[in-house]
Amino acid sequence: MKISEHILTTAGTLFYKEGIRAVGIDRIVDEANVAKATLYRHFPSKDHLVAAYLTERHERVLVQLREVTSAATLQPREQITLIFERLFEKADSPEFRGCAFALAVAEHGDSERVVSIAREHKNAVRNIFRSIMSAARCPTEQAAAHMSLLYEGALATVAVGRDPHAVLVARDCALSVFDTATTATFRATA
60 MKISEHILTT AGTLFYKEGI RAVGIDRIVD EANVAKATLY RHFPSKDHLV
110 AAYLTERHER VLVQLREVTS AATLQPREQI TLIFERLFEK ADSPEFRGCA
160 FALAVAEHGD SERVVSIARE HKNAVRNIFR SIMSAARCPT EQAAAHMSLL
210 YEGALATVAV GRDPHAVLVA RDCALSVFDT ATTATFRATA
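Just so you know, the sequence shown maps onto residues 60 to 249 in my numbering.
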């Protein structure tokens with residue numbers, strides 16, 4: 060593992076577990092067992108390190124979501140089910156604190172870089188649901204927006220209520236949205 064990846068992994072773990080503001084550069088240096096100059100050579104500021112952490116997490120989440128949507132054996136309704144069930148698996152962990160992007164904006168919202176990455180992530184998740192609806196030949200933007208809000212709401216609800224079953228409720232609601240939208244589209248084209 061490259062030094063920059065090691066620093067990023069260490070910082071990311073600490074940021075998610077303890078919070079961005081709670082974790083200082085000295086703590087990251089100690090935990091990563093690197094010199095402060097080495098950290099700053101790879102990440103010129105804490106803001107750059109936070110942005111790199113969020114970018115890496117964004118890419119990782121999108122890879123996981125795209126694995127579901129690119130599975131040729133899964134129908135769109137099954138894709139929605141699997142997305143929420145995978146989220147449930149993550150949420151059913153003592154380490155789960157909710158959406159890393161919402162947490163970052165709550166703590167570091169004065170950083171345009173952080174806010175921009177969080178917005179990009181939220182738009183990308185909505186686009187995943189949009190592509191699922193498109194694959195179902197249901198071009199309704201509203202259904203994709205509803206599913207995205209259910210996904211985001213599940214993340215927030217679990218973070219606050221500590222009950223991962225909220226994700227399963229959101230899944231059922233998303234499937235209801237899907238069924239309603241596809242039935243309406245079918246009726247309109249019949």
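Backbone N, C-alpha and C fix where the C-beta goes; we use that ideal spot for every residue, glycine too.
Computed from a predicted structure; not experimentally measured.
Residue i (DSSP reduced to helix, strand or coil)
i: K181; result: helix
i: S170; result: coil
i: R86; result: helix
i: N186; result: helix
i: F155; result: coil
i: Q138; result: helix
i: A110; result: helix
i: A163; result: helix
i: I191; result: helix
i: R196; result: coil
i: I176; result: helix
i: D222; result: coil
i: L146; result: helix
i: S235; result: helix
i: L208; result: helix
Between the CA atoms of residue j and residue i - distance to the nearest angstrom
i: L146; j: V226; result: 7 Å
i: R189; j: E200; result: 7 Å
i: T140; j: R125; result: 14 Å
i: I62; j: T132; result: 39 Å
i: A213; j: D106; result: 28 Å
i: A163; j: I79; result: 7 Å
i: A94; j: A110; result: 20 Å
i: K181; j: A96; result: 34 Å
i: E148; j: E171; result: 32 Å
i: Y99; j: I84; result: 9 Å
i: S129; j: A218; result: 29 Å
Nearest candidate by alpha-carbon position, reference residue i, set the options
i: D151; options: E115, F188, T216 and D89; result: T216
i: S235; options: T97, E137 and L98; result: E137
i: H167; options: T97, L108, C232 and G212; result: L108
i: H205; options: H180, H224 and D231; result: D231
i: G220; options: F102, V82, R156 and V88; result: R156
i: A81; options: E148, E64, T239 and A165; result: A165
i: C197; options: P223, E64 and T242; result: T242
Own chain, CB closer than 7 Å to residue i, minus 5 neighbours either side, in chain order
i: A203; result: R185, F188, R189 and M192
i: Y55; result: With the chain covering 60 to 249 only, the question about residue 55 has no answer from this structure.
i: L121; result: A183
Contacting residues, own chain, Cβ-Cβ under 6 Å from residue i (five flanking each side not counted)
i: A159; result: Y75 and R116
i: L209; result: A229, C232 and A233
i: F237; result: R136 and I139
i: A240; result: C197, T199 and A202
Residue i: CB within 7 Å of a non-hydrogen atom of the ligand COA
i: T72; result: This structure lacks the ligand COA; in fact it carries no ligand of any kind.
Residue range of the alpha helix (DSSP H) that includes residue i
i: R100; result: K95 to H101
i: G54; result: Lying outside 60 to 249, the shown extent of the chain, residue 54 is not represented and no answer is given.
Cβ shell of residue i (< 8 Å), same chain only, five flanking positions each side left out
i: I87; result: I66, T69, A70, L73, L98 and L108
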